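Working notes, structure below.
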Amino acid sequence: MPPDAGPAISRAEHRQIQAAAFDRIGADYETAFPHKEGQIAAVSWVIDRLQPGARVLDAGCGTGVPSARQFADAGMNVVGTDISPVMLGLARRNVPEATFTEMDTLDISRELGEFDAAVAFFSLLMLPRADIPAALGKLRAVLVPGGWLALAMVEGDIDDAPVPFIGGPLRVTGYPRAQLREVVTAAGFTVLHEDSLSYAPASPDVLPEVQLTLCCQRT
Numbered sequence: 773m774p775p776d777a778g779p780a781i782s783r784a785e786h787r788q789i790q791a792a793a794f795d796r797i798g799a800d801y802e803t804a805f806p807h808k809e810g811q812i813a814a815v816s817w818v819i820d821r822l823q824p825g826a827r828v829l830d831a832g833c834g835t836g837v838p839s840a841r842q843f844a845d846a847g848m849n850v851v852g853t854d855i856s857p858v859m860l861g862l863a864r865r866n867v868p869e870a871t872f873t874e875m876d877t878l879d880i881s882r883e884l885g886e887f888d889a890a891v892a893f894f895s896l897l898m899l900p901r902a903d904i905p906a907a908l909g910k911l912r913a914v915l916v917p918g919g920w921l922a923l924a925m926v927e928g929d930i931d932d933a934p935v936p937f938i939g940g941p942l943r944v945t946g947y948p949r950a951q952l953r954e955v956v957t958a959a960g961f962t963v964l965h966e967d968s969l970s971y972a973p974a975s976p977d978v979l980p981e982v983q984l985t986l987c988c989q990r991t
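Just remember that this note's numbering sits 772 ahead of the position in the sequence shown, which is counted from 1.
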């Protein structure tokens with residue numbers, strides 16, 4: 773069974789904790805997580821299936837590096853969302869040709885338009901398990917039929933557990949890899965490619981982790 777996540781909190785309180793963590797970290801995030809080979813490879817996988825000018829959603833865009841930058845360099849029309857105003861400010865500076873909006877993944881809708889592809893790198897793990905199918909459903913709803921999705925999460929059997937993270941609190945969810953595939957498939961995606969990577973962050977405040985990346989197509 774997953775470890776106890778502690779006392780329940782409201783969605784607004786949850787978002788405030790998560791956003792505050794990334795506002796605090798800011799540009800130090802790139803120092804703590806300097807190597808993103810798995811993420812870069814997944815974006816390349818998506819780019820190989822798109823035409824220049826395709827619309828791509830980066831859900832939980834962070835600083836815009838590397839994903840939004842990589843898509844923009846490939847000639848894609850990029851829209852990024854994040855709950856951290858500080859991260860969005862960095863993303864706008866790093867990828868000025870993209871459009872960035874302060875938005876929770878659970879609030880994504882067709883108001884943003886329709887997308888040929890979406891990516892969600894380590895943004896879904898910021899949600900409780902109870903909300904992740906709904907978040908995947910939001911991503912599916914804005915994708916064109918047959919659209920592409922790449923996502924990454926940390927492997928683990930935890931649900932909205934408080935963890936220390938670069939000088940402050942953060943709440944994190946993980947899945948064993950077989951269960952993650954099941955959740956993504958049940959949300960209406962076919963998993964076409966899967967990868968895992970043992971990762972040791974550069975910051976001593978962050979524990980080593982196994983990162984799972986799934987490349988999928990909307991069914």
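We put the beta carbon where it would ideally sit given N, CA and C, even for glycine.
Note that the coordinates shown come from a computational prediction; the quantities given were computed from them, not determined experimentally.
Look at the beta carbons and you see the segment 927 to 937 not touching the segment 832 to 839: under three pairs across the two are nearer than 8 Å. With three or more CB-CB distances shorter than 8 Å, the segment 874 to 891 counts as touching the segment 911 to 921.
DSSP places phenylalanine 843 inside the alpha helix (DSSP H), whose first and last residues are 839 to 845. With a threshold of 16 other beta carbon atoms within 10 Å, arginine 865 falls short and is exposed. As a beta-bridge residue in DSSP terms, glutamate 966 pairs with Leu986. By the Cβ test, the segment 811 to 830 is not in contact with the segment 784 to 794, since fewer than three Cβ pairs between them sit closer than 8 Å.
In the structure shown, arginine 787 adopts helical secondary structure according to DSSP, grouped into three states.
With 16 or more other Cβ atoms from the protein chains shown falling within 10 Å of its own Cβ, glycine 946 counts as buried.
A buried status is given to arginine 827, since no fewer than 16 other beta-carbon atoms sit within 10 Å of its beta-carbon.
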